[in-house]
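This report refers to the structure that appears directly beneath it.
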Amino acid sequence: VQLQACGGGLVQAGGSLRLSCAASGTIFRIDNMSWYREAPGKRRELVATITRGGDIKYADSVKGRFTISRDNVRKTVDLQMNTLKPEDTGVYYCNGDVGSSMGNYNYWGQGTQVTVSS
Numbered sequence: 001v002q003l004q005a006c007g008g009g010l011v012q013a014g015g016s017l018r019l020s021c022a023a024s025g026t027i028f029r030i031d032n033m034s035w036y037r038e039a040p041g042k043r044r045e046l047v048a049t050i051t052r053g054g055d056i057k058y059a060d061s062v063k064g065r066f067t068i069s070r071d072n073v074r075k076t077v078d079l080q081m082n083t084l085k086p087e088d089t090g091v092y093y094c095n096g097d098v099g100s101s102m103g104n105y106n107y108w109g110q111g112t113q114v115t116v117s118s
């Protein structure tokens, strides 16, 4: 099982980016899918989570600006980020609870850099 994230980049404050993450492998089921971020010198933090049934939670810092979504058929999770701020800068990681031919495990994607300039 692999989670492959893409969509990061450099954007000015106030701009938008869309991150995407695709799961691949012999996957039977994906439960929670999440996005985390790690800013320089800070601990990795949860940005948003979406359950298989579509229940969503956001970090207070991104509520109203970020939108998480998923496609259970395509096995993808996206993060639409609007009104970006310099403090949103960091490496963004997708994460998923995956049931596969290997068993049930939590997986991380490789991370994608988001840089917001002021």
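Here the sequence shown is numbered in my numbering, starting from 1 and rising by one per residue.
C-beta atoms are modelled at their ideal positions from N, C-alpha and C, and glycine is treated no differently.
These figures come from a predicted structure and were not determined experimentally.
DSSP state of D55 mapped onto helix, strand, coil:
coil
Rounded to whole angstroms, what is the Cα-Cα separation between I68 and V77?
7 Å
Hey, W35 and L17: beta-carbon distance below 9 Å or not?
no
Could you check if M102 is buried or exposed, using at least 16 other CB atoms within 10 Å of its CB as the buried criterion?
exposed
Residue nearest to V73 in terms of C-alpha spacing, selected from Y92, V62, D97 and I27
I27
Going by C-alpha to C-alpha distance, which of G41, R65 and S100 sits closest to V1?
S100
Determine the extent of the beta strand (DSSP E) in which S61 is found, giving its start and end residues.
Unbroken run through S61: none, as it is neither H nor E.
Compare the Cα-Cα distances from K42 to each of S24, A59 and T89 and report the closest residue.
T89
Count the other CB atoms, across all protein chains shown, that sit within 10 Å of the CB of I50; report buried if there are 16 or more and exposed otherwise.
buried
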